[in-house]
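Undergrad:
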Amino acid sequence: MSQLPRDVPASHYQSAAQRRLQRTRVDAPYRPGDPILRGLNLTKRFLMGTAPVYAVRQTTLEIKPGEFVLVVGPSGCGKTTLLNLLGGLDRPTFGEVVLEGQPYSKLDENGLARLRRNKVGFVFQFFNLLTDLTAEENVMLPMQLVGLSPAKTRARAAELLAAVGMAERAAHSPFELSGGEQQRIAVARALANSPTVVLADEPTGNLDRKSGTEIIGLFRRLNREFHQTFVVVSHDLSFTEHADRVVHMEDGQIVKVEAKTA
Amino acid sequence: MSAMAAAGERAPGGRLVASWRRVAGLILPLSWRGVRRRKAGAALTALSLALGVATFLLFGGYFAATRQAVEGRIEPLALPADLVVAVGVDSPGGVPGGLPGGGPAGAPSIVQTLNRLPDVKTATGMVVGTAYTSVGRRRIIGLDEKVLGGLKLGAGAPPMTAGEVLLPQTLAAAGGIKVGSQITIATDMGGVWREQKFSVSGLYQGDDFFSGPLARREALAPLGLGPVDNAALVEAYPGSSRPGVASQIRSLYRDSADVLIPEFPASLAGSWLGQAFSPGNVAVFMVFTFSGLGVMNVLLLSFLQRKRQMGVFKALGMDDSDLKQLFFGEGLYVAAAGAALGMVLTAVLVALLGRLTSVRFIISGWLAAWALVLSFAVFALAAWLPAVLCQRASVSVLLQNKRIYLDPKTSCAECGRCGGF
Chain A
45 MSQLPRDVPA SHYQSAAQRR LQRTRVDAPY RPGDPILRGL NLTKRFLMGT
95 APVYAVRQTT LEIKPGEFVL VVGPSGCGKT TLLNLLGGLD RPTFGEVVLE
145 GQPYSKLDEN GLARLRRNKV GFVFQFFNLL TDLTAEENVM LPMQLVGLSP
195 AKTRARAAEL LAAVGMAERA AHSPFELSGG EQQRIAVARA LANSPTVVLA
245 DEPTGNLDRK SGTEIIGLFR RLNREFHQTF VVVSHDLSFT EHADRVVHME
295 DGQIVKVEAK TA
Chain B
5 MSAMAAAGER APGGRLVASW RRVAGLILPL SWRGVRRRKA GAALTALSLA
55 LGVATFLLFG GYFAATRQAV EGRIEPLALP ADLVVAVGVD SPGGVPGGLP
105 GGGPAGAPSI VQTLNRLPDV KTATGMVVGT AYTSVGRRRI IGLDEKVLGG
155 LKLGAGAPPM TAGEVLLPQT LAAAGGIKVG SQITIATDMG GVWREQKFSV
205 SGLYQGDDFF SGPLARREAL APLGLGPVDN AALVEAYPGS SRPGVASQIR
255 SLYRDSADVL IPEFPASLAG SWLGQAFSPG NVAVFMVFTF SGLGVMNVLL
305 LSFLQRKRQM GVFKALGMDD SDLKQLFFGE GLYVAAAGAA LGMVLTAVLV
355 ALLGRLTSVR FIISGWLAAW ALVLSFAVFA LAAWLPAVLC QRASVSVLLQ
405 NKRIYLDPKT SCAECGRCGG F
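In order, the protein sequences belong to chains A and B.
All residue numbers for the first sequence refer to the numbering used here, where the first residue is 45 and numbers rise by one.
All residue numbers for the second sequence refer to the numbering used here, where the first residue is 5 and numbers rise by one.
(1) Please list the partners that PHE166(A) has in chain B, where partner means a Cβ-to-Cβ separation under 8 angstroms.
(2) Suppose the cutoff is 7 angstroms on Cβ atoms and the five residues either side in sequence are ignored; what does the same chain contact list for ALA159(B) look like?
(3) Rounded to the nearest angstrom, what separates ALA178(B) and GLU168(B) at their Cα positions?
(4) Taking DSSP as the reference, what is the three-state secondary structure of PRO162(B)?
(5) Looking at the secondary structure, which residues open and close the alpha helix (DSSP H) in which THR197(A) lies?
(6) Indicate the three-state DSSP secondary structure (helix, strand or coil) for ILE260(A) in the structure shown.
(7) Apart from the five residues on each side of it in sequence, which residues of its chain come closer than 6 angstroms, Cβ to Cβ, to GLY256(A)?
(8) Note down, in chain order, all residues in the region 23-38 of chain B with a beta-carbon under 8 angstroms from any beta-carbon belonging to chain A.
(9) By a C-beta neighbour count over all protein chains shown, 10 Å radius and 16 as the cutoff for buried, is GLN188(A) buried or exposed?
(10) Whose Cβ in chain A lies nearer than 9 angstroms to the Cβ of ARG312(B)?
(11) Determine the burial state of GLY296(A): buried for a count of at least 16 other Cβ atoms within 10 Å of its Cβ, exposed for fewer.
(12) Applying a beta-carbon distance threshold of less than 7 angstroms, which residues of chain B neighbour ALA157(A)?
(13) Tell me whether HIS271(A) is buried or exposed, calling it buried when 16 or more other Cβ atoms sit within 10 Å of its Cβ.
(14) Comparing alpha-carbon positions, which option in THR49(B), GLY180(B), THR134(B) and LYS150(B) lies nearest ARG143(B)?
(15) Beta carbon of VAL124(B), beta carbon of LEU237(B): below 8 angstroms?
(16) Label ASN310(A) either buried or exposed according to how many other C-beta atoms from any shown protein chain fall within 10 Å of its C-beta, with 16 as the threshold for buried.
(17) Whose C-alpha, out of CYS394(B), ALA225(B) and MET164(B), is nearest the C-alpha of LYS311(B)?
(18) Which first and last residues belong to the beta strand (DSSP E) in which GLU239(B) is found?
(19) Measuring CA to CA, which of THR104(A), VAL115(A) and VAL164(A) is closest to VAL242(A)?
(20) Say whether chain D places a C-beta atom closer than 8 angstroms to the C-beta of SER400(B).
(21) Measuring only between beta-carbons, confirm whether ARG89(A) sits less than 8 angstroms from chain B.
(22) Quick test of the definition: if touching needs 3 or more C-beta pairs under 8 angstroms, does the region 50-67 of chain B touch the region 343-357 of chain B?
(23) On the CB-based measure, 16 or more other CB atoms within 10 Å of its CB, does GLN404(B) come out buried or exposed?
(24) Mapping the DSSP letters down to three states, classify PRO109(A) as helix, strand or coil.
(25) From this set, MET210(A), GLY83(A) and PHE90(A), which residue's C-alpha is nearest SER400(B)'s C-alpha?
(26) Could you tell me the distance, in whole angstroms, from the CA atom of PHE427(B) to the CA atom of LEU133(A)?
(27) With DSSP as the reference, please indicate the residues paired to LEU143(A) in a beta bridge.
(28) Using beta carbons (cut-off 8 angstroms, strictly below), is ARG41(B) in contact with chain A?
(29) Whether or not the region 317-335 of chain B and the region 143-157 of chain A are in contact is what I'm after, with contact meaning three or more pairs of Cβ atoms, one per stretch, closer than 8 angstroms; do they touch?
(30) Following the continuous alpha helix (DSSP H) through GLU153(A), name the residue where it begins and the one where it ends.
(31) Should the region 179-194 of chain A be called in touch with the region 285-302 of chain A, which here means at least 3 C-beta pairs below 8 angstroms?
(32) Among the candidates ALA344(B), GLN72(B) and GLY228(B), whose CA atom is the shortest distance from the CA of PHE380(B)?
(33) Is the number of C-beta pairs between the region 212-225 of chain A and the region 41-51 of chain B that are closer than 8 angstroms three or more?
(34) So, under 8 angstroms CB-CB, LEU127(A) and THR240(A) are touching, yes? Tell me the CB distance rounded to an integer number of Å.
(35) Relative to the alpha-carbon of ALA386(B), which residue among TYR409(B), ARG364(B) and LEU297(B) has its alpha-carbon at the smallest distance?
(36) Which bits of chain B does LEU185(A) rub up against, with CB to CB less than 7 angstroms?
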């Protein structure tokens, strides 16, 4: 994170492509094939005492349907903050996030909660499974929140647990699972409501190399088999081979975007 | 993964049914798990509330029993009046050594003034003083012949001469006095005792603490209590409120009037119990306040220890009402446990105190219902702060276990001097 001089124009930090993106109308109706998730001119400012500190600076990013995007960069470069803004976990100081044509700024807190419930799946570095619940109940929770019937909830949870290879551990408490297993449960939970996009914040950060590779492999498989969109934040550059696009961040800004050609 | 499409399908039923299903099927079980996970803390919290409930029930039960006992001992004063007013007994021209207070006196002025009050039907002059009898201190009242003649008597006849007196039946029974007995009544005239012998002409019903000997007005002159009228019997119009009339009279004579209503002790007990700052109410209030603060502290700490979990709930899409229900659900379980425990504790204490002492308790269904209402109200208030804090904090703040401020959107969070939560 760094301080942004107040007298420097925004254009100073932006590429031509980013400036073009910013001219996109945020309230344009969503059409199939359009980017499903757009972060436009995002800036997030925190105060450290009285000094403003910019975690993300005038950053613009678009995610296309079915894309596997990896956001990489050193610690403290603003990757997690960017992901939080894209997922509606935090509000930008400036800028706009649009998911399937829905600008976040037009939603109140409850509206944002409903949007997260229905359209966004999260995978966290520390798994964040609810320890009061079993693995199966953790996966069922998002579906219960949208009001899916108990029978369908249970059936779908079983299906998701099987998809991540955890069917036999359904009745276990998170305490009884290894880190890699917990992260698999977290992935199943993120997929529960068929989200538009899954946002993963350092999903391998708390895992050993083998488990981390397995989790990224799982993401890739789900991405290919079910056309599930993923945005994964990681500081580990070894995962770049799995991504369709790699976004490099430094100092709160996107400095390079590498797109793989099919 | 074909079932992914199933997420869009909702359970059947209306909005209310869906809401109830959500609370019963998801929120309350989550609350229950939260309570179960902190068994020791929840048990201590429930115990503190149980003490509050038991204190409330014991105080309430004791006062109810006391009130019933007081009311059970009181019979209406057998005077043809709604109020007895004693005014200015220490004033010049009045009678010293009687009732407290001072001020103007005089039969014409008192009776005439009272008769002008809108709710007063008639005011009749009389003399009131303090009489010392063999069974204790009572008020002696001097009445007009006409008023004495209108009394309902249990035995004998109204006093026909200045040497005759009527006594309350229970006072007579306590002293072994019968119709025709001779009694001596004394009054204290500033350290000098005056005594006079009376013959008991009859007995009347009435046993509250100001029921005493009734005589003809002129009979009290030798006792130093006449002939100046220092009091009046007041009859209110039907439909008028006696406390209302009493209030009018008190406002007329400020501190110098002593207004008595026939069922005075019962109403006194009732009003004392009803006063917001009576000792019992203050004790109950304090117990509930302290247990409420303790409960709030426990719920707040429990929330602060689970910031990350709350962040996950919010990230998964729980909205404000879900979070409120989650906290109130936890409060509900502990309140129910505390109330039940408090009832059991009360039952044990009532049985124990009943066996060891003569103290009686009357714990009615209403009292128990009030205890329940109070305990749930305490928990609703206690759950409010953590629920509000949780609602206001952003998901990322909760997930990162950062400090929370009551108003995170304004300078409150930027100032941060209070340290937040």
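Every residue, glycine too, gets a C-beta built ideally from N, C-alpha and C.
Note that the structure is a prediction, hence the values are computed from the model and not measured.
TA: In short:
(1) Against the first sequence, residue 166(A) aligns to sequence position 122. Residues of chain B passing the Cβ test: ALA319 and LEU320.
(2) Residue mapping note: residue 159(B) aligns to position 155 of the second sequence, counting from 1. Closer than 7 angstroms at the Cβ level, and outside the excluded window around ALA159(B), lie VAL183, GLY206 and LEU207.
(3) In the second sequence, the residue the question calls residue 178(B) occupies position 174. In the second sequence, the residue the question calls residue 168(B) occupies position 164. Roughly 19 angstroms between the two C-alpha positions.
(4) Taking the first residue of the second sequence as position 1, residue 162(B) is located at position 158. In the structure shown, PRO162(B) sits in coil (DSSP, three-state: anything other than H, G, I, E or B).
(5) Position 153 of the first sequence, counted from the start, is the residue given in the question as residue 197(A). Residues 194-207.
(6) Here residue 260(A) refers to the residue found at position 216 of the first sequence. Note: ILE260(A) maps to helix in three-state DSSP.
(7) By 1-based counting over the first sequence, the position of residue 256(A) is 212. If we look at GLY256(A) and ignore the five residues flanking it on each side, its Cβ neighbours are THR248.
(8) ARG25, ARG26, GLY29, LEU30, LEU34, ARG37 and GLY38
(9) Indexing the first sequence from 1 puts residue 188(A) at position 144. By the neighbour-count rule (16 or more Cβ atoms within 10 Å), GLN188(A) is buried.
(10) Mapped onto the second sequence, residue 312(B) falls at position 308. Result: PHE170 and ASN172.
(11) Working through the first sequence from its first residue, we reach residue 296(A) at position 252. It is buried - the Cβ of GLY296(A) has at least 16 other Cβ atoms within 10 Å.
(12) Here residue 157(A) is taken as the residue at index 113 of the first sequence, counted from 1. Near ALA157(A) (Cβ distances below 7 angstroms), the residues of chain B are LYS318, GLY321, MET322 and ASP323.
(13) As a working mapping, residue 271(A) is identified with position 227 in the first sequence. By the 10 Å Cβ count, HIS271(A) comes out exposed.
(14) Walking along the second sequence from the start, residue 143(B) turns up at place 139. Answer by Cα proximity: THR134(B).
(15) Working through the second sequence from its first residue, we reach residue 124(B) at position 120. Working through the second sequence from its first residue, we reach residue 237(B) at position 233. No, the Cβ-Cβ distance between VAL124(B) and LEU237(B) is not below 8 angstroms.
(16) Given a span of 45 to 306 for chain A in the structure shown, any question on residue 310(A) remains unanswerable.
(17) Taking the first residue of the second sequence as 1, we reach residue 311(B) at position 307. Closest option to LYS311(B), Cα to Cα, is CYS394(B).
(18) Within the second sequence, the letter at position 235 stands for residue 239(B). Per DSSP, GLU239(B) belongs to the beta strand (DSSP E) from 235-240.
(19) As a first step, residue 242(A) is located in the first sequence; it is residue number 198 there, counting from the start. Comparing Cα-Cα distances from VAL242(A) to each of THR104(A), VAL115(A) and VAL164(A), the minimum goes to VAL164(A).
(20) In the structure shown, chain D does not exist; the protein chains are A and B.
(21) Locating residue 89(A) in the first sequence gives position 45, where the first residue counts as 1. No - not a single Cβ of chain B is within 8 angstroms of the one on ARG89(A).
(22) yes
(23) Here residue 404(B) is taken as the residue at index 400 of the second sequence, counted from 1. Looking at its Cβ environment, which holds fewer than 16 other Cβ atoms inside 10 Å, GLN404(B) is exposed.
(24) In the first sequence, the residue the question calls residue 109(A) occupies position 65. In the structure shown, PRO109(A) sits in coil (DSSP, three-state: anything other than H, G, I, E or B).
(25) On the second sequence, residue 400(B) is found 396 positions in, with the first residue counted as 1. Of the listed residues, the one whose Cα sits closest to SER400(B) is PHE90(A).
(26) Only positions 5 to 425 of chain B appear in this structure, which leaves residue 427(B) out of reach.
(27) As a first step, residue 143(A) is located in the first sequence; it is residue number 99 there, counting from the start. According to DSSP, which records beta bridges pairwise, LEU143(A) is partnered with LEU81(A) and GLN146(A).
(28) Start at 1 with the first residue of the second sequence, and residue 41(B) comes out as number 37. It does: the Cβ of ARG41(B) has a partner Cβ on chain A nearer than 8 angstroms.
(29) yes
(30) Sequence index remark: in the first sequence, residue 153(A) carries index 109 (1-based). 153-163 is the span of the alpha helix (DSSP H), which, as asked, contains GLU153(A).
(31) no
(32) Looking up residue 380(B) in the second sequence gives position 376. That would be ALA344(B), whose Cα lies nearest to the Cα of PHE380(B).
(33) no
(34) For the purposes of this step, residue 127(A) is identified with residue 83 of the first sequence, where counting begins at 1. For the purposes of this step, residue 240(A) is identified with residue 196 of the first sequence, where counting begins at 1. No, LEU127(A) and THR240(A) are not in contact; Cβ-Cβ is about 15 angstroms, not under 8 angstroms.
(35) Stepping through the second sequence from its first residue, residue 386(B) is reached at position 382. Of the candidates TYR409(B), ARG364(B) and LEU297(B), the one whose C-alpha sits nearest the C-alpha of ALA386(B) is LEU297(B).
(36) Within the first sequence, numbered from 1, the residue matching residue 185(A) stands at position 141. Within chain B, the residues near LEU185(A) are LEU320.
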